[in-house]
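Notes to accompany the following structure.
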Amino acid sequence: MRALFLSLAQKYSEDAVLIETLWNEIEQAYAGKKRFYHNIGHLEHLYAQLLPVRERLEDEDAVCFALFYHDLVYQVTQHDNEEKSAQRARACLSALGFPAARIDRCAAHILATKGHTWSSDPDTNLFTDADLSILGQEESVYEAYCKAVRKEYAIYPDLLYRPGRKKVVRHFLDMARIYKTDYFFERLEALARKNLEREAVQC
27 MRALFLSLAQ KYSEDAVLIE TLWNEIEQAY AGKKRFYHNI GHLEHLYAQL LPVRERLEDE
87 DAVCFALFYH DLVYQVTQHD NEEKSAQRAR ACLSALGFPA ARIDRCAAHI LATKGHTWSS
147 DPDTNLFTDA DLSILGQEES VYEAYCKAVR KEYAIYPDLL YRPGRKKVVR HFLDMARIYK
207 TDYFFERLEA LARKNLEREA VQC
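Count along the sequence shown from 1, then add 26; that gives the number in this note's numbering.
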């Protein structure tokens with residue numbers, strides 16, 4: 027992930043100190059002790075999901091920057107993580123010299139991960155679908171994801187956590203389509219619904 031970020035940032039800035047500083051901020055954020063799912067491993071998984079569709083992206087760099095910044099701020103007790111992450115992305119990408127209009131698009135990708143609803147921007151749909159790809163993995167992978175998320179919310183007892191988690195699960199199940207793009211829909215939709223239905227019963 028470090029090599030990817032450096033190569034990406036170096037397209038827009040020759041300031042090696044700045045680029046290294048920005049990477050260190052990303053690395054420290056995702057390496058937080060309370061991050062059991064929203065960590066570097068999540069970024070690696072997301073990037074692996076995006077690789078097969080990279081040629082479909084209109085602005086691959088904006089999507090890749092969104093990948094690095096979309097969970098930069100992650101506090102389970104707060105409800106504005108996406109907004110704060112997008113705000114930080116704006117500041118960092120401005121420092122790099124990334125074009126303003128493309129920063130806006132990157133920020134929109136990040137904000138879209140709050141509800142994962144359909145977007146008029148096809149890049150956003152590919153990005154949020156990749157972000158949700160964990161839902162459509164085999165049962166053992168999905169269960170490991172559920173356990174990791176539960177650890178992140180360890181401050182909440184089951185009495186509070188389970189109803190909240192069930193609400194999240196129902197949010198996705200109530201969507202006409204979890205995955206907005208045909209690529210992800212055809213590959214992951216059926217299994218994602220099976221996993222979510224199973225979890226809904228257990229909540």
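Ideal placement from N, C-alpha and C gives every residue a C-beta, glycine not left out.
Nearest to residue i by alpha carbon, out of the options?
| i | options | result |
| --- | --- | --- |
| F94 | F153, N221, E40 and D200 | F153 |
| D97 | L77, G123 and H135 | H135 |
| E51 | F31, E81, H105 and K206 | F31 |
| A180 | Y168, Y209 and Y63 | Y63 |
| S33 | L72, N65 and L122 | L122 |
| D85 | Y205, I204, A29 and F124 | F124 |
| Q75 | C132, L48, Y38 and N151 | N151 |
| T47 | L72, T103 and R28 | R28 |
| L222 | H197, E212 and T207 | H197 |
| E169 | E81, A133 and K220 | K220 |
| A174 | S39, A42, A55 and G67 | G67 |
| Q54 | E40, V99 and P78 | V99 |
| N65 | R191, Y171 and R203 | Y171 |
| T103 | P78, Y73, A35 and G190 | G190 |
| D208 | E40, H105, P183 and V79 | V79 |
For my contact list, residue i and residue j are in at a C-beta cut-off of 8 Å; report their separation, rounded to the angstrom.
| i | j | result |
| --- | --- | --- |
| L83 | D149 | 5 Å |
| E109 | L69 | No, E109 and L69 are not in contact; Cβ-Cβ is about 20 Å, not under 8 Å. |
| L186 | A226 | Going by Cβ atoms, the distance from L186 to A226 rounds to 17 Å, so no, they are not a contact pair. |
| N107 | Q113 | Wrong, their Cβ atoms sit about 11 Å apart, outside the cutoff. |
| R176 | C229 | So it is not a contact: roughly 11 Å between Cβ atoms. |
| D155 | F210 | 4 Å |
| L214 | Y205 | 6 Å |
| D87 | K37 | 7 Å |
* Asked: Are the segment 56 to 63 and the segment 133 to 148 in contact at 8 Å, needing three or more beta carbon pairs?
  -> no
Spell out a yes or no on whether the segment 122 to 134 and the segment 75 to 91 are touching, meaning 3 or more CB-CB pairs, one atom from each, closer than 8 Å. yes
**OP:** Kindly confirm or deny that the segment 109 to 121 and the segment 157 to 169 touch, where touching means at least three C-beta pairs closer than 8 Å.
**Re:** no
Pick out the complete alpha helix (DSSP H) segments inside the segment 66 to 140, 4 residues or longer, and give them in chain order.
-> 66 to 76, 86 to 95, 107 to 122 and 126 to 138
Return the chain-ordered ranges of every beta strand (DSSP E) run that is complete within the segment 154 to 209 and spans a minimum of 3 residues.
none
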